[in-house]
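In the numbering used here, the protein residues as written are 547 to 720. Presented below is the structure to which this report refers.
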Ligand code: ATP
Ligand code: MG
C-alpha cells in the first residue's frame, strides 16, 4: 500500500457506449503499475471477452460476475440475492488490504433496477480505505453518488451501430 496515494471515486455513467470498457481500460492501466485490481460485474451473468483476457494477466486482476442477467420489470429474489452477495464480496475485497482498485461494473444499473439499496452503496463508499480507487459504472447514477465522486464522465450516444440494425458483435459488445 502506498500511503501517499489518494484513492479516487470514479463514475462512468450515461446512456452512450463506453462505460464498462473505460473501467476495464483503467484496470489494465493500473495492473501495469502492479496495482492489485478486482472487478465485480453486477447484473450481467454472461462472461464477456474481458474474462478470458484478464485471466491471462495472472493474479494482477481478478474478475467475476455477481449477476443473474438483465432485469426487466420487478427484480427476482435471485437477482437481489446475487447483487447483495456481490456487495458483501465488495466489502470483503475492500477490507482485505490486498485491493488497490475495485471496479464495480453495472453497480449503478443494479441500483437502478432496485437490486440493492442506495444507502448500502453509500456505506461501501464511506468504508473504503483511503488509498483504494473505486470505479462504478452504469446508467443513471444517483445525485448523491455523483456529488461524492472525484471523477464523473457521462458517456453520451451520438451514434451506435444498433441504430443501423447491426447485431451485437464479440469483441465490441461482449
Ligand atoms: P461497453 O461495455 O461497450 O463499454 P457500456 O458499459 O457503456 O458499454 P451498457 O449500458 O453496460 O454500456 O450496455 C452494454 C451494451 O449495450 C453494449 O453492448 C453496448 O454496445 C450497448 N449500448 C451501449 N450504449 C448504447 C446505445 N446508446 N445504444 C444502443 N446500444 C448501446
Ligand atoms: Mg456496461
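Every residue, glycine too, gets a C-beta built ideally from N, C-alpha and C.
Leaving out five residues before and five after residue 674 in sequence, what residues of the same chain have Cβ atoms less than 7 angstroms from its Cβ?
553, 640, 680
Note down the Cα distance separating residue 551 from residue 635, rounded to an integer number of angstroms.
24 angstroms
Enumerated in chain order, which unbroken segments of the beta strand (DSSP E) with a length of 3 residues or greater are wholly contained in the stretch 674 to 719?
List check, beta strand (DSSP E) in window: 679 to 683, 697 to 701.
Do you know offhand how far residue 610's Cα is from residue 709's?
30 angstroms
I'd like the list of long-range same chain contacts for residue 573, defined as Cβ closer than 7 angstroms, with 5 residues on each side in sequence excluded.
583, 585, 607, 647, 649
For the ligand ATP, is there a heavy atom less than 6 angstroms away from the beta-carbon of residue 567?
True, at least one ligand heavy atom lies under 6 angstroms from that Cβ.
Could you have a look at residue 560 and say whether DSSP puts it in helix, strand or coil?
strand
How do the stretch 682 to 696 and the stretch 622 to 635 stand: do at least 3 beta-carbon pairs fall below 8 angstroms, yes or no?
no
Over the uninterrupted alpha helix (DSSP H) stretch that includes residue 566, give me the two end residues.
Annotation for residue 566: the continuous alpha helix (DSSP H) segment containing it runs 565 to 578.
Are there any heavy atoms of the ligand ATP lying less than 6 angstroms away from the beta-carbon of residue 515, as far as the coordinates show?
For the chain, the structure presents residues 547 to 720; residue 515 sits outside this window and is missing.
Is it the case that the Cβ atoms of residue 629 and residue 661 are separated by a distance below 7 angstroms?
Yes. Within cutoff.
Taking the alpha-carbon positions, what's the residue 720 to residue 588 distance?
Spanning the two alpha carbons is a distance of roughly 15 angstroms.
Would you call the CB atoms of residue 664 and residue 688 closer than 7 angstroms?
For residue 664 and residue 688, yes; Cβs fall inside 7 angstroms.
For a test of your reading of the model: does the CB of residue 706 fall under 6 angstroms from any non-hydrogen atom of the ligand ATP? Yes or no.
The ligand ATP approaches residue 706 closely enough that one of its heavy atoms is under 6 angstroms from the residue's Cβ.
Cutting at 7 angstroms between CB atoms, please list the residues of its own chain near residue 702, excluding the five before and the five after it.
560, 562
Based on Cα-Cα distance, which residue from 617, 564, 613, 578 lies nearest to residue 604?
578
Take residue 597 and list the residues in its own chain whose beta-carbon comes closer than 6 angstroms to its own, dropping the five residues that flank it on each side.
609
Using the C-alpha atoms, what's the distance from residue 556 back to residue 580?
19 angstroms
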